[in-house]
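Each remark here refers to the structure printed beneath this line.
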Amino acid sequence: MKKRDVSDGAWESLCERCGLCCFEKIEDETGAVFFTATPCQYLDLETNRCSIYERRFELNPECVKLTEKLVRKLHWLHDDCGYRKALGIRRSRVRAERWEERDKTEESPDNDQ
757 MKKRDVSDGA WESLCERCGL CCFEKIEDET GAVFFTATPC QYLDLETNRC
807 SIYERRFELN PECVKLTEKL VRKLHWLHDD CGYRKALGIR RSRVRAERWE
857 ERDKTEESPD NDQ
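Our numbering runs 756 ahead of the 1-based position in the sequence shown.
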């Protein structure tokens with residue numbers, strides 16, 4: 757699918773409302789991205805919908821419009837992301853394994869310091 761083949765509304769309808777894009781993320785010096793538990797102030801956590809959706813870019817300059825080009829570039833989007841699925845994009849197994857290993861390491865009780 758090419759974005760230019762669909763309207764903006766059709767492209768945005770691919771979003772499955774997981775809400776992960778709307779949580780703050782921190783990128784370290786290696787390029788690894790870590791999700792925080794801090795959602796955008798406009799994200800309704802029960803519906804995973806933006807309360808200012810129509811004016812989000814105007815009212816929240818940090819809001820990122822997920823275009824086809826950006827979706828192809830962002831490695832932190834998960835494989836179940838509606839945009840990624842529509843484009844047939846999956847994270848490489850090596851990258852996914854690194855994320856899984858990082859998650860296991862963070863959950864390990866040995867790391868509580």
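For glycine and all other residues, C-beta sits at the position ideal for the given N, C-alpha and C. On a predicted model such as this, the values are computed, not experimentally measured, just so you know.
Using the three-state DSSP reduction, which class does residue i fall into: helix, strand or coil?
i	result
R841	Checking the displayed sequence, the identity of residue 841 turns out to be Lys instead of Arg. Helix, per DSSP.
L799	strand
W855	Note that W855 scores a pLDDT of 49, beneath 50, so its modelled location is shaky and nothing firm can be said.
A793	strand
R846	coil
R773	coil
Give the straight-line distance between the Cα atoms of residue i and residue j, rounded to the nearest whole angstrom.
i	j	result
W767	L822	9 Å
T786	W832	14 Å
E772	I782	23 Å
R811	S848	35 Å
A788	L815	28 Å
K841	F813	24 Å
K829	V820	13 Å
C778	S763	23 Å
Terminal residues of the continuous beta strand (DSSP E) containing residue i?
i	result
E783	F779 to E783
Starting from the Cα of residue i, find the closest Cα among the options and give me that residue.
i	options	result
G765	L830, R828, Y839 and R847	Y839
Chain D beta carbons: is any one of them nearer than 8 Å to that of residue i?
i	result
C771	Looking at the structure shown, chain D is missing, and only one protein chain is on hand.
How far does the alpha helix (DSSP H) with residue i in it extend, from its first residue to its last?
i	result
E824	E824 to K829
Beta-carbon within less than 6 Å of residue i's beta-carbon, same chain only, minus the 5 sequence neighbours each way: which residues are those?
i	result
N804	R773 and G775
D784	none
I808	Y798 and L815
Using C-beta distances below 7 Å, list every residue in its chain close to residue i, excluding the 5 sequence neighbours before and after it, in chain order.
i	result
D835	R846 and R847
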